[in-house]
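Visitor: Structure in structure tokens, see below.
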Amino acid sequence: GIVAMAAGTCSNGLPFSLISACSLWCAIRGRRLWDIAMYSSLRAATASANPKAVVLDDSIEDRMVLKKISGGTDGFYRKLTEMDVSESAYLKAAPILFIACVVLAFISSIGKGRPGAFAYAFASMTAMAASFPAALSYSLPFSLAAVTAKKSGGAVAGWGGACDIYEADGALITDDDIFPAGTVRISGVKLFEGVSQELAVRYAASLIITADTGSARAFSELLKSQRLTKAPVRDFACYEGGGIGGTIHNDQVLVGSSAFMNLMSIRVPKGLESRGTVFTAVNGELIAVFVVEFAPANSVKSALVSMQRTKTGMLFAVRDFNVTPYLLEQKFRLSMENVEMISVGDCYKLSADSKPEGADTVAVVCRDGLSPFAEVITKGRMLRLTALICTVFSIAAAAFGVLLMFIMFANNATISVSPMNAFIYMIAVQVVVSVLSRFALRTAK
5 GIVAMAAGTC
15 SNGLPFSLIS
25 ACSLWCAIRG
35 RRLWDIAMYS
45 SLRAATASAN
55 PKAVVLDDSI
65 EDRMVLKKIS
75 GGTDGFYRKL
85 TEMDVSESAY
95 LKAAPILFIA
105 CVVLAFISSI
115 GKGRPGAFAY
125 AFASMTAMAA
135 SFPAALSYSL
145 PFSLAAVTAK
155 KSGGAVAGWG
165 GACDIYEADG
175 ALITDDDIFP
185 AGTVRISGVK
195 LFEGVSQELA
205 VRYAASLIIT
215 ADTGSARAFS
225 ELLKSQRLTK
235 APVRDFACYE
245 GGGIGGTIHN
255 DQVLVGSSAF
265 MNLMSIRVPK
275 GLESRGTVFT
285 AVNGELIAVF
295 VVEFAPANSV
305 KSALVSMQRT
315 KTGMLFAVRD
325 FNVTPYLLEQ
335 KFRLSMENVE
345 MISVGDCYKL
355 SADSKPEGAD
365 TVAVVCRDGL
375 SPFAEVITKG
385 RMLRLTALIC
395 TVFSIAAAAF
405 GVLLMFIMFA
415 NNATISVSPM
425 NAFIYMIAVQ
435 VVVSVLSRFA
445 LRTAK
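Residue numbers (my numbering): 5 to 449.
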């Protein structure tokens, strides 16, 4: 523009001020979206007095599992403010693009015997190098992910948290995630001859509450309804065969499924081997059978569907011996082929509400249930993937634009080198990034 004004003519072409102004506006817009994303994430993280942190647990050898824990969000802000992929990529790409613009402009103008066209060639190439989505490749998907996650009661810890979420082997899902409060109830009790209901209820409930299974809340309510208290349990043990055991008042008590009772050489009468039943035996004799009903929640089903859609690994650390892949398929009408059931030994270790040493918070959830947990995981995975694709596309589009201008100048096709054509190209690049960001984050719902 300065050269054209000094010469008093635009014979070499119109200035590219419009392109540069739009690039600057997009950069400001990108910063604004980043501010919105930061505000939404921090507001979501402080919305609850006792938020739950999502951390990576490596308790299982060669596995990194995402789990929820209570108390503390250490490392969340550090992860949230880590340098993102767009920023780090353009720190390396910008000097290369600028040097390329200088060299290619020199070759296509002075090298071709047209020194007066250097300024115009250089201006067109540098304008194309500053692609519109340069500052939007990360901030746009980040803001979309942060705003939608906030509505669900969660927040992803920016690029650092998204990378950790993406690289994890799966998400740890517990009893309360699958069947939250109000979805498990005891619909019936069968007592065997000579057994008091008080003894049967107290023994079964005490063992199940100690194990803290998904049906513990229902048995606790059963205790209260009969004005009973939990008995102390000694020598508690969990078995891979689908049951638990312990000593109560010097009696050896076993609680589990019919298959577990048969495994422990305790005879189960025919007709009682239905699913969802809890058998209780004392000193090798069956004393009672409790019928437990599991009601699927629509919110849980939606969360499972979203995790399956984004190919998120699901590791079920379920303590309740009745919750099996077959039961889940029946209740939620979903395929559980890709679901991994954690062994009993690892299940109790992983589902413990304790933070692994040195683990940073990669996301925060402020509401109970599986939905907020699934939301931050799916949004984190899609944020990482979308930002990476948009950044690569943005840099590739900038490099291609520079190369395109060079080819046209080198072949003396200066008529095609116009601000309007450049503007159309840059807008097309921006539209692709905008559509890709919105489509990718929408598929994570």
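Glycine included, C-beta positions come from ideal geometry on N, C-alpha and C.
Treat the numbers as computed from the prediction; the structure is a model and nothing was measured.
On a CA-only basis, which of G75, A138, A53 and A41 is nearest V28? Give me that one, please.
Guide: Sequence check: residue 28 is Leu here, not Val. Of the listed residues, the one whose Cα sits closest to L28 is A138.
Visitor: Alpha carbon to alpha carbon, how far is F413 from D364? Give it in angstroms, no decimals.
Guide: Near 52 Å, if we compare the C-alpha coordinates of F413 and D364.
Visitor: Using the C-alpha atoms, what's the distance from R206 back to R231?
Guide: Cα to Cα, R231 sits roughly 10 Å from R206.
Visitor: Could you spell out where the alpha helix (DSSP H) holding I1 opens and where it closes?
Guide: The requested residue 1 is not part of the displayed model; the chain covers only 5 to 449.
Visitor: Can you list, in chain order, the residues of its chain whose CB lies under 7 Å from that of G247, leaving out five sequence neighbours each side?
Guide: Cβ within range, chain order: L258, V259, G260, S261, F264 and F325.
Visitor: Rounded C-beta distance between T130 and C105? I'm assuming under 8 Å.
Guide: With a Cβ gap of about 5 Å, T130 and C105 count as contacting.
Visitor: Which residues share a DSSP beta bridge with F294?
Guide: Note: F294 sits in a beta bridge opposite V193 and V282.
Visitor: For my contact list, T214 and F240 are in at a C-beta cut-off of 8 Å; report their separation, rounded to the angstrom.
Guide: T214 to F240, Cβ: 6 Å. Contact.
Visitor: Taking Cβ positions, are L46 and L144 nearer each other than 7 Å?
Guide: Their beta carbons are not under 7 Å apart, which means L46 does not touch L144 by this criterion.
Visitor: Thinking just about the alpha-carbon of each residue, which of S355, N415, A133 and Q256 is nearest to the one in P99?
Guide: The option with the nearest alpha carbon to P99 is A133.
Visitor: Taking only the alpha-carbon atoms, compute the straight-line gap between Y94 and L354 and give it to the nearest angstrom.
Guide: Looking at the two C-alpha atoms, the distance is approximately 40 Å.
Visitor: Can you tell which of I393, N415, A426 and S420 has its C-alpha closest to the C-alpha of G405?
Guide: If we check each option's Cα against that of G405, A426 comes out closest.
Visitor: Go ahead and label T451 buried or exposed: buried means 16 or more other beta carbons lie within 10 angstroms of its beta carbon, across all protein chains shown.
Guide: No statement about residue 451 is possible, as the shown extent of the chain runs from 5 to 449 and does not include it.
Visitor: Please state if the CB of A222 and the CB of V188 are separated by a distance shorter than 7 Å.
Guide: In contact: V188 and A222 (Cβ atoms closer than 7 Å).
Visitor: Are the region 52-64 and the region 144-154 touching, with three or more C-beta to C-beta distances below 8 Å?
Guide: Because the criterion of three Cβ pairs below 8 Å is not met, the region 52-64 and the region 144-154 do not touch.
Visitor: Just list the residues that DSSP pairs A175 with in beta bridges.
Guide: Paired residues: L70 and M318.
Visitor: If you count every other CB in all the chains shown that lies within 10 Å of the CB of G250, and 16 or more means buried, which is it?
Guide: The residue in question, G250, is buried, as its Cβ has 16 or more Cβ neighbours within 10 Å.
Visitor: Ordered along the chain, which non-local residues of its own chain (more than five positions away) have a Cβ less than 7 Å from that of P119?
Guide: Hits under 7 Å: S113.
Visitor: May I have a chain-ordered list of the beta strand (DSSP E) segments no shorter than 3 residues that lie completely inside the region 234-287?
Guide: Runs of the beta strand (DSSP E) inside the region 234-287: 238-243, 247-252, 255-260 and 281-286.
Visitor: By how many angstroms is the C-alpha of F136 removed from the C-alpha of E344?
Guide: Each residue's Cα considered, the two are about 44 Å apart.
Visitor: What do you get for V107, buried or exposed, if any count of 16 or more other CB atoms within 10 angstroms of its CB means buried?
Guide: Flag for V107 reads exposed.
Visitor: Just grab the DSSP bridge partners of K56 for me.
Guide: BP columns for K56 point to S74 and V369.
Visitor: What separation, rounded to the nearest whole angstrom, lies between the Cα atoms of I252 and G275?
Guide: C-alpha separation (whole angstroms): 29 Å.
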